[in-house]
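Residue -13 is where the sequence shown starts when you use this note's numbering, and the numbers rise one by one after that.
Don't be surprised by glycine CBs; every beta carbon is placed ideally from N, CA and C.
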Amino acid sequence: MKLHIDVLTLFPELFPGPLAASITGRAMSRGLLEIDPVNLRDFSHDERGTVDDKPYGGGPGMLMKVEPLFEATDFLKARSPGAKVVLTTPRGRLFSQKLARELVGEERLIVVCGHYEGVDQRYIDSRVDYEVSIGDYVLTNGNLPAMVMIDAIARLLPGALGCEESSEDESHTGWLLEYPQYTRPEEYEGLKVPEILLSGDHGKIAAWRRQEAEWLTMRRRPELYARHRAWPREIKDVNKD
Ligand code: 4GS
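Structure follows, in structure tokens:
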């Protein structure tokens, strides 16, 4: 399984950037992940490299211009038949572990980094498969959202994680937050590791962790906890988002 991602952006020099480090970097050097930054400006129609224009009907800010977006996308689609187009935008579906699992099943993705006030709606209607937001806050452009998504998707590629890393099986906890964890030493600045974790009683430890995870989730993420309570176990593990 291998994933090729074309990133259409006004700042191609930002890629792979932080994705070259750690697990995602290893996925690239193992040939599991290919990131191909493409400069939208290469598809502009004038000497100045114009890729923005004023919105019809007035209003603040500029939009990404139609022609470069369509032409760049069609060029990349011709190169990658069947590739899905993902646009980063605050209007999009909230990115989630579930969507990461969905997208890692693709062979090729075209990630379009949103810039300015947005893009012409005709582009969305005719070329975009997924509009995705990474959260309800306003960033300066879509490059960081693209990196966030690529990171979450890439680590799901089979072979991307080492044995040790894959043993942390997040699906175990379903929609619960992580229980508190401790490592050596047993006592530091007078702060002790909970006795039960030193007991060697794996049944008791599992029950304690479960209880802690439930309390933490209840207090901190009541909406997650409600879902945890409402859903049957099997669906929880498969469909966690
Ligand atoms: C996001 C976000 C975002 C919105 C792009 C303002 C420049 C900016 N994109 N998830 N114009 N949050 N985009 O803030 O995806």
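Outcome for residue i when other beta-carbon atoms lying within 10 angstroms are tallied against a minimum of 16
| i | result |
| --- | --- |
| residue 177 | exposed |
| residue 31 | exposed |
| residue -13 | exposed |
| residue 80 | exposed |
| residue -8 | buried |
| residue 155 | Low confidence applies to residue 155: its pLDDT is 49, below 50, so where it sits in the model is not reliable enough to give any reading. |
| residue 74 | buried |
| residue 101 | buried |
| residue 68 | exposed |
| residue 169 | exposed |
| residue 99 | buried |
| residue 205 | exposed |
As assigned by DSSP and simplified to three states, the class of residue i
| i | result |
| --- | --- |
| residue 60 | helix |
| residue 21 | strand |
| residue 11 | helix |
| residue 90 | coil |
| residue 43 | coil |
| residue -1 | helix |
| residue 74 | strand |
| residue 48 | coil |
| residue 38 | strand |
| residue 124 | coil |
| residue 213 | helix |
| residue 112 | helix |
| residue 4 | helix |
| residue 132 | helix |
| residue 151 | helix |
| residue 32 | coil |
| residue 142 | coil |
| residue 27 | helix |
| residue 84 | helix |
| residue 227 | coil |
| residue -12 | coil |
Counterpart residues of residue i in DSSP-defined beta bridges
| i | result |
| --- | --- |
| residue 79 | 118 |
| residue 97 | -7, 72 |
| residue 105 | 50 |
Beta carbon proximity, residue i to chain B, threshold 8 angstroms
| i | result |
| --- | --- |
| residue 113 | Considering every chain present, this structure includes no chain B. It has just one protein chain. |
**Request:** For the region 112 to 129 and the region 17 to 27, state whether three or more C-beta atom pairs, one from each stretch, are separated by less than 8 angstroms.
**Result:** With fewer than three CB-CB distances shorter than 8 angstroms, the region 112 to 129 does not count as touching the region 17 to 27.
**Request:** Count the CB pairs spanning the region 183 to 198 and the region 163 to 174 that are closer than 8 angstroms, and state whether there are at least three.
**Result:** Enough Cβ pairs lie closer than 8 angstroms, so yes.
**Request:** Kindly confirm or deny that the region 43 to 59 and the region 5 to 19 touch, where touching means at least three C-beta pairs closer than 8 angstroms.
**Result:** With a cut-off of 8 angstroms, the region 5 to 19 and the region 43 to 59 do not count as touching, because too few Cβ pairs lie within range.
**Asked** Between the region 133 to 148 and the region 102 to 112, do at least 3 Cβ pairs fall closer than 8 angstroms?
**Response** No contact exists between the region 133 to 148 and the region 102 to 112.
**Message:** Taking contact to mean 3 or more Cβ pairs, one atom from each stretch, closer than 8 angstroms, check whether the region 33 to 47 and the region 173 to 192 are in contact.
**Reply:** No, the region 33 to 47 is not in contact with the region 173 to 192.
**Message:** Extract the residue ranges of the alpha helix (DSSP H) inside the region 153 to 211, only unbroken runs of 4 or more that lie entirely within it.
**Reply:** The alpha helix (DSSP H) runs of length 4 or more contained entirely in the region 153 to 211 are, from start to end of the chain, 188 to 206.
**Prompt:** Should the region -4 to 10 be regarded as contacting the region 67 to 83, the criterion being three or more beta carbon pairs within less than 8 angstroms?
**Reply:** Remark: fewer than three beta-carbon pairs, one from each stretch, lie closer than 8 angstroms, so the region -4 to 10 and the region 67 to 83 are not flagged as touching.
**Message:** Using a Cβ distance threshold of 8 angstroms, determine whether the region 85 to 92 contacts the region 54 to 62, with at least three qualifying pairs required.
**Reply:** Touching, no.
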